[in-house]
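To keep things clear, I will list the structure first and then write my remarks on it.
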Amino acid sequence: MALALAQISGSNFSYQHHSLEQCFDDLAGSGRTAVELWGIAPQLHVPWMSDDDARRVRRAAAARGLDVICFTPEQVMYPVNIASPDRRLRAESVAMFRRAAELAVELGAPKLFVTPGRGFESESREAAWNRSVDAIGEITAYADALGLECLLEPLQRVESNLVNTADDARRALGDIGASNLGVALDTVAMSVAGESVDDYFALLGDRVRHVHLIDGTPAGHLAWGDGSLALDGILAALDRHEYSGWMTVELFGDGSYALDPRPALARSLAAIEAALPSLAR
1 MALALAQISG SNFSYQHHSL EQCFDDLAGS GRTAVELWGI APQLHVPWMS
51 DDDARRVRRA AAARGLDVIC FTPEQVMYPV NIASPDRRLR AESVAMFRRA
101 AELAVELGAP KLFVTPGRGF ESESREAAWN RSVDAIGEIT AYADALGLEC
151 LLEPLQRVES NLVNTADDAR RALGDIGASN LGVALDTVAM SVAGESVDDY
201 FALLGDRVRH VHLIDGTPAG HLAWGDGSLA LDGILAALDR HEYSGWMTVE
251 LFGDGSYALD PRPALARSLA AIEAALPSLA R
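Sequential numbering of the sequence shown, starting at 1, is according to our numbering.
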């Protein structure tokens, strides 16, 4: 079957200045049935959330017909770094992910999102790589015991000096050796690295288990039409590889998105919906 609009999930990535309930209302109003939750303060900050808090969020989403499909704790901008050479920071970062896994269960999210962290620019990449692999191995093992799948996302070079490409992700999967670990294809990170959807599937196959579907120039997490990426080509490639997973519209963009997220979401959904009929087999 061809890609479908029903595979498009929403998120609270552009709702940091709004209530989570408004995000849920907007997503439900746009016809979404699934949400990827960003663990940002004060909405879903891992160190502050109790199990009861997570269950309340789950009920609020369900009341609007939304399933929580993935929990994505903040791990790039905040002081969370699983590959840090600082032992305390690294240990506390791993502990945060273990707690995030517990909260994912309470949220009803089957997947936990993980990024590789980074080492010092002045140190050996291999030393930082090994710290990242060890940490992700610990996190995935804990998540597996809770019945969760994990997703590893290659990042832009400004965000990580470890996993930036599909080949980096392939190596990481091999080194970690966790069957419950898949890869999240981010269309911006992919394009910044000069790669394509075909490159990801050639190297990773069915380990591509999640997509962040956003526009860019190629950087930036923009509404479709505000950047320069080829939406038709990206969707056609995903369709050609019979991708059947979720595709989250992960909008950050400029300040205007955060001030009024709904129009950017609506533009993106309209662009995706317009591009999908050409894929019908």
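C-beta atoms are modelled at their ideal positions from N, C-alpha and C, and glycine is treated no differently.
- At the C-beta level, L146 and V105 come within 9 Å of one another.
- Going by DSSP, R32 is part of no beta strand (DSSP E) at all; its letter is neither H nor E.
- In this structure the segment 20-39 does not lie against the segment 187-207, because fewer than three pairs of beta carbons, one per stretch, are closer than 8 Å.
- Distances from the alpha-carbon of L222 to those of L112, E250, A237 put E250 closest.
- With contacts defined as CB atoms closer than 9 Å, G117 and N81 qualify as a contacting pair.
- Rounded to the nearest whole angstrom, the CA to CA distance from G119 to S132 is 9 Å.
- By alpha-carbon distance to R262, the top candidate from L3, R32, A6, A2 is R32.
- Around I214, the same chain offers T187, V188, H221, L222, V249, E250, L251 as residues with beta carbons nearer than 7 Å, after the five sequence neighbours per side are excluded.
- Judged by DSSP secondary structure, A184 falls outside any alpha helix (DSSP H) and instead within the beta strand (DSSP E) spanning 181-186.
- The beta carbon of Q16 sits closer than 7 Å to the beta carbons of I40, A258 from its chain, once the five residues preceding and following it are set aside; these are given in chain order.
- Per DSSP, reduced to three states, the secondary structure at V158 is coil, with no helix or strand assignment.
- V94 and A135 do touch by the CB rule: their CB atoms are close to 5 Å apart, below 8 Å.
- Non-local C-beta neighbours of E273 in its own chain, meaning closer than 6 Å and more than five positions away in sequence, comprise L5, ordered along the chain.
- Counting the other Cβ atoms within 10 Å of the Cβ of T140 gives 16 or more, which makes it buried.
- The alpha carbon of D199 has as its nearest neighbour, out of I234, L181, D226, the alpha carbon of I234.
- Annotation for T72: E36, L37, W38, G39, F113 place their beta carbon closer than 7 Å to its own, counting only its chain and skipping 5 residues before and after.
- Looking at the DSSP output, E149 shares a beta bridge with K111.
- As computed with DSSP, V68 is found in a beta bridge with V35.
- Leaving aside the five residues that flank D167 on each side, the residues in its chain whose CB is nearer than 8 Å to its CB run, in chain order, L203.
- If the five residues before and after S160 are omitted, its C-beta is found closer than 6 Å to the C-beta atoms of P116, R118, all from its own chain and listed in chain order.
- For D51, the closest alpha carbon among the candidates C70, A61, A100, A266 is that of A100.
- Around the Cβ of W48, a 10 Å sphere holds fewer than 16 other Cβ atoms; the residue is exposed.
- In this structure, the beta-carbon distance from E195 to T217 does not fall below 9 Å.
- In the DSSP secondary-structure assignment, V208 is bridged to V183.
- For I8, the enclosing beta strand (DSSP E) stretches over residues 8-11.
- Residue range 255-259 is occupied by the alpha helix (DSSP H) that includes Y257.
- The closest CA to that of N130, considering only G174, G108, A143, is found on G174.
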